[in-house]
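Chemist: In our numbering, the protein residues as written are 1365 to 1691.
Beta carbons are placed, not taken as given, at the ideal position from N, Cα and C, and that holds for glycine.
One structure is given below, represented as structure tokens, and several questions about it will come after.
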Ligand SMILES: Cc1cc2nc3c(=O)[nH]c(=O)nc-3n(C[C@H](O)[C@H](O)[C@H](O)COP(=O)(O)O)c2cc1C
């Protein structure tokens, strides 16, 4: 089967969730949330903070390679920062042309660049000079800003600029995260470029994966929110492709997931400021509610709580094998 990639998700899938999800398994690679590049040469510690995996040969603890994503609009500044990043030997360098956030777009970054394929070309061409051939240099794009009229031009511009693979989130900026994802447009892009293209958007189930591949014609698929809502999704997709019926014993899955929730809670308390940790757990549990009835009960119990101690106690009551946070 083609590759299954875990999508970059700023504020949701940082290295803690990447670690947990790739240990549950099924992913061939992951991409970090974006590192914003605006004017300065970032110190190594900025890349290391967003991608602690750099200290582990750019792999999660399960061994899954992690590429680092850059977001910016100035070709030379992006190229200089890519050179700085490449000194840390990332598993890949990815460029973001999809972020719809107003603050990012106001500065001409993210999805707004899709209005200007010539600029995309200049950015890719400049960054290409900084990324040695042994490090995969890729880009992730949406289909456009308000409409899809320039989608093919954007993909061709990135190819001419020297990226070696492209992920296409099959929606415009204006379409936000609203279904459907236009997988048929990924097929149109695939038809005009020579590069491997990865399809992305609205894969929540193994059946979605099969349809996404059929419609987009892509071998490789990247999964975002579906991976957070169902940590077993990649494994279930592999079972389906391998000819096994992906079992739907959600109660058994939930029991298997409990140690991962404990790991997440332990690691997130080490990583973020104490007052942010509860919010991060609630965010993940909120996604898990889409898949597990047990997550609904746990989420409702945790939601009103603000202190980590109380949350640890409630997690334990719900069968999560929590340990005390490391000092
Ligand atoms: C909370 C959140 C944060 C995201 N952050 C990024 C990001 O940093 N870089 C990026 O390229 N895409 C980002 N995305 C977009 C996802 O990578 C992906 O393209 C999108 O969610 C569609 O895939 P899905 O339908 O499987 O979720 C983000 C999406 C979400 C929901």
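Consider the C-beta atom of residue 1587 and the heavy atoms of ligand 1; say whether any pair is separated by less than 6 Å.
Modeler: Taking the chain shown and counting its residues from 1, the one referred to as residue 1587 is at position 223. Answer for residue 1587: yes, Cβ within range of ligand 1.
Chemist: Pick helix, strand or coil for residue 1690, following the three-state DSSP scheme.
Modeler: Position 326 of the chain shown, counted from the first residue, corresponds to residue 1690. Low confidence applies here, because residue 1690 scores a pLDDT of 47, under 50, leaving its location unreliable; read the following figure in that light. The answer is coil: DSSP assigns residue 1690 none of H, G, I, E or B.
Chemist: From 1518, 1379, 1373 and 1392, pick the residue whose C-alpha is nearest to that of residue 1365; which is it?
Modeler: Taking the chain shown and counting its residues from 1, the one referred to as residue 1365 is at position 1. That would be 1392, whose Cα lies nearest to the Cα of residue 1365.
Chemist: Measuring only the C-alpha atoms, how far is residue 1682 from residue 1662?
Modeler: To locate residue 1682, count along the chain shown from 1; it is residue 318. To locate residue 1662, count along the chain shown from 1; it is residue 298. Taking the straight line joining both Cα atoms gives about 7 Å.
Chemist: Out of curiosity, what's the CA-to-CA distance linking residue 1448 and residue 1572?
Modeler: In the chain shown, the residue the question calls residue 1448 occupies position 84. In the chain shown, the residue the question calls residue 1572 occupies position 208. If I take the Cα positions, the gap works out to 39 Å.
Chemist: If you drop the 5 nearest sequence neighbours on each side, which residues of the same chain put their C-beta closer than 6 Å to that of residue 1382?
Modeler: Along the chain shown, one-based indexing puts residue 1382 at 18. Within the same chain, residue 1382 has close Cβ partners 1394 and 1424.
Chemist: I need the straight-line Cα distance from residue 1519 to residue 1557, nearest angstrom please.
Modeler: Here residue 1519 corresponds to residue number 155 of the chain shown, with the count starting at 1. Here residue 1557 corresponds to residue number 193 of the chain shown, with the count starting at 1. So the two alpha carbons sit approximately 7 Å from each other.
Chemist: Under a three-way DSSP split, which group does residue 1586 fall into?
Modeler: Taking the chain shown and counting its residues from 1, one reaches residue 1586 at position 222. Of the three classes helix, strand and coil, the one that applies to residue 1586 here is strand, per DSSP.
Chemist: Assuming residue 1386 and residue 1426 make a contact with CB atoms under 8 Å, what is their CB distance in whole Å?
Modeler: Looking up residue 1386 in the chain shown gives position 22. Looking up residue 1426 in the chain shown gives position 62. Their Cβ separation, rounded to whole angstroms, is 4 Å, which keeps residue 1386 and residue 1426 in contact under 8 Å.
Chemist: Tell me the start and end of each unbroken alpha helix (DSSP H) in the segment 1592-1677 that is at least 4 residues and wholly inside, in chain order.
Modeler: Qualifying alpha helix (DSSP H) stretches, in chain order: 1597-1605, 1614-1635, 1641-1652 and 1657-1666.
Chemist: Taking the alpha helix (DSSP H) that residue 1376 belongs to, which residues open and close that run?
Modeler: In the chain shown, residue 1376 corresponds to position 12, counting from 1. Element bounds for residue 1376: n/a, residue is neither H nor E.
Chemist: Going by CA-CA distance only, name the one from 1530, 1527, 1517 and 1577 that's closest to residue 1545.
Modeler: Numbered from 1 along the chain shown, position 181 holds the residue referred to as residue 1545. The residue with the shortest Cα to Cα distance from residue 1545 is 1577.
Chemist: Starting from residue 1433 and walking both ways along the alpha helix (DSSP H), at which residues does that stretch end?
Modeler: Position 69 of the chain shown, counted from the start, is the residue given in the question as residue 1433. Careful: residue 1433 lies outside any alpha helix (DSSP H), inside the beta strand (DSSP E) at 1430-1435.
Chemist: Alpha carbon to alpha carbon, what distance is there between residue 1552 and residue 1562?
Modeler: Against the chain shown, residue 1562 aligns to sequence position 198. Against the chain shown, residue 1552 aligns to sequence position 188. Straight-line Cα distance between these residues: approximately 13 Å.
Chemist: May I have the straight-line CA-CA distance separating residue 1691 from residue 1631, to the nearest angstrom?
Modeler: The count along the chain shown starts at 1 and reaches residue 1691 at position 327. The count along the chain shown starts at 1 and reaches residue 1631 at position 267. Its pLDDT being 43, under 50, residue 1691 is placed unreliably in this model, and the coordinates cannot settle the point.
Chemist: Does the distance from the C-beta atom of residue 1444 to that of residue 1484 stay below 7 Å?
Modeler: Start at 1 with the first residue of the chain shown, and residue 1444 comes out as number 80. Start at 1 with the first residue of the chain shown, and residue 1484 comes out as number 120. Against a cut-off of 7 Å, the Cβ pair of residue 1484 and residue 1444 comes out as no contact.
Chemist: Does the Cβ of residue 1641 have 16 or more other Cβ atoms within 10 Å, making it buried, or fewer, making it exposed?
Modeler: Looking up residue 1641 in the chain shown gives position 277. It counts as buried.
Chemist: In the DSSP assignment, find the unbroken beta strand (DSSP E) run with residue 1458 in it and report its ends.
Modeler: Your numbering for residue 1458 matches position 94 in the chain shown. Segment 1457-1461, the beta strand (DSSP E) holding residue 1458.
Chemist: At a cut-off of 6 Å, is residue 1398 close to ligand 1 when judged by its beta-carbon and the heavy atoms of the ligand?
Modeler: Here residue 1398 refers to the residue found at position 34 of the chain shown. Answer for residue 1398: yes, Cβ within range of ligand 1.
Chemist: Report yes if the C-beta of residue 1371 is less than 6 Å from at least one heavy atom of ligand 1; otherwise report no.
Modeler: For the purposes of this step, residue 1371 is taken as residue 7 along the chain shown, with counting starting at 1. Because some heavy atom of ligand 1 lies under 6 Å away, the Cβ of residue 1371 counts as near it: yes.
Chemist: With a CB to CB cut of under 8 Å and the five nearest residues on each side skipped, what residues in its chain are close to residue 1410?
Modeler: Counting from 1 along the chain shown, the entry for residue 1410 is found at position 46. If we look at residue 1410 and ignore the five residues flanking it on each side, its Cβ neighbours are 1399.
Chemist: By the DSSP assignment, the alpha helix (DSSP H) with residue 1525 in it spans what residues?
Modeler: Start at 1 with the first residue of the chain shown, and residue 1525 comes out as number 161. Start and end: 1515-1525.
Chemist: Going by the beta-carbon positions, is the gap between residue 1490 and residue 1407 smaller than 7 Å?
Modeler: What you label residue 1490 is simply residue 126 of the chain shown in a count that begins at 1. What you label residue 1407 is simply residue 43 of the chain shown in a count that begins at 1. Taking 7 Å as the Cβ cut-off, residue 1490 and residue 1407 do not qualify as a contacting pair.
Chemist: Verify whether the separation of the beta carbon atoms of residue 1538 and residue 1510 is less than 7 Å.
Modeler: Here residue 1538 is taken as the residue at index 174 of the chain shown, counted from 1. Here residue 1510 is taken as the residue at index 146 of the chain shown, counted from 1. A contact, by the Cβ cut-off of 7 Å.
Chemist: For the beta strand (DSSP E) that residue 1507 lies in, which residues bound it at each end?
Modeler: Position 143 of the chain shown, counted from the first residue, corresponds to residue 1507. Careful: residue 1507 lies outside any beta strand (DSSP E) and carries neither H nor E.
Chemist: Please report how far the alpha carbon of residue 1602 lies from the alpha carbon of residue 1441, in whole angstroms.
Modeler: Here residue 1602 refers to the residue found at position 238 of the chain shown. Here residue 1441 refers to the residue found at position 77 of the chain shown. Computed Cα separation, rounded: 40 Å.
Chemist: Going by DSSP in three states, residue 1535 sits in which element: helix, strand or coil?
Modeler: Here residue 1535 refers to the residue found at position 171 when the chain shown is read from its first residue. Correct three-state label for residue 1535: coil.
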